[in-house]
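Have a look at the structure below, then the notes.
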Amino acid sequence: MTEVSTNGAAGPLASSHSGPQLDGETRTGGHRIAVVGATGAVGTVMLQCLRERGLDRDNEIVLFATARSAGRVIDGRTVQALEPGVNLSGIDIALFSAGGGTSKEWAPRFVEAGATVIDNSSAFRRDPTVPLVVSEVNPHALRDHRGLIANPNCSTMQLMVALAPIHREAGISRLVVSTYQSVSGTGQKALEELDAEARAALAGERLPEPRVYPDHIAFNVIGAAGNFVDGDDHTDEERKMMFETCKILEDDEIAVAVTCVRVPVRVGHSESVNIETREHLSIERARELLASAPGLILEDVPSPLRAEGRDEVYVGRLRRDPTHPNGLAMFVVADNLRKGAATNAVQIAELLIRNHQIRQASEVQQ
Ligand code: NAP
Ligand code: 2RA
């Protein structure tokens, strides 16, 4: 099945965590790292990533969620409520995955208290002063950060890992993307809704009324992922991909057409991607570029089930688009909770530590 792999990895069963790793010397920072939203779908995986990459050994990890979760102990650490009066001093890096509202309210307070914030929500992605970073694609954008860094949306994240090598070589002029987004992309409550509906359906019972989605998700497909805001005919999820692609690839001329769809997959977003390049790119050269791209595994037919729990982006179905002389088509799959959220945030934290790009909380005037 596996065609070519990168970083010495041998396809789906190869070693995970292929992103930048820190050597022993740079790891000795003794930083305090906050995980905000530690009890959620992304937060849970964030803690796993910190553990797997050894960042919990040399650094102090502190956990925040709502008052509902305060006092819960996860991996021997007690969750604190993020509420007025909470002590934010001494936090060097804060990894936020607690929704846009929480980020808007609390991220600036963390920055003011001295932390460098890496935010998973969409709250700051459009801010021109906030770098939007995929660790393998545009780490240079971290250089000018002012305490806040945005993690791209999960569906954009995996797409960028696959498109950046092609854009660098041949310049992408137009994209047509259709997504097949998993339920974990909507968070913990959505997963519970999928499970409850699937259980009822398999037991031959009446399905419970959907609460998270506008329709039942079990054994169904919902033709619009995200929300329609202010009468827009595209969802906010689709708009994110249109905007974020141009910001990350630093090219406002790329035309991006997107349809985001929700499918009853627990973890792992899939994308059918049609690419038009400015310069002609042979399929052999495209294959070569993707085979040597960091964080990417090229195979015949990727699937979300096999991508689950992995940090790499899987690219397959690579072929010429017979309807256009500069057209390519591919299928891109990744674990939305890993590379789409937690892994990339932790990779950014590693880059910041390695490149001495975090402000030390102790240096900030209180
Ligand atoms: P989730 O499963 O619903 O988890 C939300 C987390 O945020 C929980 O830990 C919750 O704590 C906490 N939280 C909510 N309001 C809070 C507040 N006012 N103060 C402190 N903590 C608060 O959601 P998720 O899927 O992990 O997503 C979290 C964020 O990551 C969202 O902004 C989402 O857009 C973004 N994101 C998600 C994905 C994905 O694939 N899921 C990918 C990229 C980005 P309690 O448990 O105490 O309620
Ligand atoms: C999704 N926006 O709907 C989420 C992930 N960030 O899949």
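According to the numbering used here, the sequence shown holds residues 996 to 1361 in order.
Ideal Cβ placement from N, Cα and C applies to all residues, glycine included.
* Are Ala1291 and Val1262 touching if we call contact CB-CB under 9 Å? -> The question names Ala, but residue 1291 is Leu in the sequence shown. No, they are not a contact pair.
* Taking all protein chains shown into account, decide if Phe1223 is buried (16 or more other Cβ within 10 angstroms of its Cβ) or exposed. => exposed
* To do: Using 10 angstroms around the beta-carbon of Gly1080, count the other beta-carbons present and answer buried if the total reaches 16, otherwise exposed.
  => exposed
* Is His1135 near ligand 2, judged by its Cβ being under 8 Å from some heavy atom? -> no
* Asked: Which of helix, strand or coil does DSSP assign to Glu1345?
  -> helix
* Asked: What do you reckon, is the C-beta of Asn1331 under 8 Å from a heavy atom of ligand 2?
  -> yes
* Asked: Any idea if Asp1087 is buried or exposed, counting beta-carbon neighbours within 10 angstroms, 16 or more meaning buried?
  -> buried
* To do: Report the partner residues of Ala1076 according to the DSSP bridge assignment.
  => Ala1060
* Asked: Which whole runs of the beta strand (DSSP E) in the region 1099 to 1142 are 3 residues long or more, in chain order?
  -> 1111 to 1114
* Proximity test, Ser1084 beta-carbon vs ligand 1 heavy atom, cut-off 8 Å -> no
* Can you round the beta-carbon distance between Thr1272 and Ile1167 to whole angstroms, since I take them to be within the 8 Å contact cut? -> 6 Å
* From which residue to which residue does the beta strand (DSSP E) around Phe1091 run? -> Ile1088 to Phe1091
* **Selection from Asn1350, Leu1090 and Pro1299 that minimises the alpha carbon distance to Tyr1175** => Pro1299
* Asked: What separation, rounded to the nearest whole angstrom, lies between the Cα atoms of Ile1348 and Gly1025?
  -> 10 Å
* Cβ neighbour criterion (16 or more within 10 Å) applied to Pro1126 -> buried
* Continuous beta strand (DSSP E) stretch holding Phe1326: start and end -> Gly1322 to Ala1329
* Asked: With distances taken from CA atoms, which of Ile1028, Val1156, Val1112 and His1135 is nearest Ala1145?
  -> Val1112
* Asked: Would you say Ser1130 touches ligand 1, meaning its beta carbon is less than 8 Å from a heavy atom?
  -> no
* Asked: For Arg1052, which residues from the same chain have a beta carbon less than 7 Å from its beta carbon, with the 5 sequence-adjacent residues on both sides left out?
  -> none
* His1162, enclosing beta strand (DSSP E) - first and last residue -> Premise fails: His1162 lies in the alpha helix (DSSP H), Cys1149 to Ala1165, not in any beta strand (DSSP E).
* Quick one: using the 10 Å Cβ neighbour count with 16 as the cut-off for buried, is Asp1070 buried or exposed? => exposed
* Helix, strand or coil at Gly1095 according to DSSP, with G and I counted as helix -> helix
* Asked: For ligand 1, is there a heavy atom less than 8 Å away from the beta-carbon of Leu1077?
  -> yes
* **Whole-Å CB distance - Leu1170 paired with Ile1278, under 8 Å assumed** => Actually they are not in contact, since the Cβ atoms of Leu1170 and Ile1278 sit about 17 Å apart, beyond 8 Å.
* **Bridge partner(s) assigned by DSSP for Thr1191** => Checking the displayed sequence, the identity of residue 1191 turns out to be Ala instead of Thr. BP columns for Ala1191 are empty, so no partner.
* Asked: For Phe1223, which residues does DSSP report across the bridge?
  -> Thr1230
* To do: Starting from the N-terminal side, write out each stretch of the beta strand (DSSP E) that is 3 residues or longer and does not extend beyond the region 1238 to 1322.
  => 1250 to 1257, 1264 to 1272, 1291 to 1294 and 1308 to 1315
* For Lys1334, is the beta carbon positioned less than 8 Å from some heavy atom of ligand 2? -> no
* Asked: Taking the C-alpha atoms as reference points, what is the distance between Asn1054 and Val1256?
  -> 39 Å
* Under a Cβ-count criterion, where at least 16 other Cβ atoms within 10 Å of its own Cβ denotes burial, should Leu1197 be classed as buried or exposed? -> exposed
* Contact test: Glu1274 Cβ vs ligand 2 heavy atom, cutoff 8 Å -> no
* May I have the straight-line CA-CA distance separating Gly1322 from Ala1191, to the nearest angstrom? => 42 Å
* When the Cα atoms are used, what is the spatial distance from Met1325 to Glu1047? -> 31 Å
* Check Arg1354 in the structure and name its three-state DSSP category. => coil
* Asked: Any heavy atom of ligand 2 closer than 8 Å to the CB of Thr1318?
  -> no
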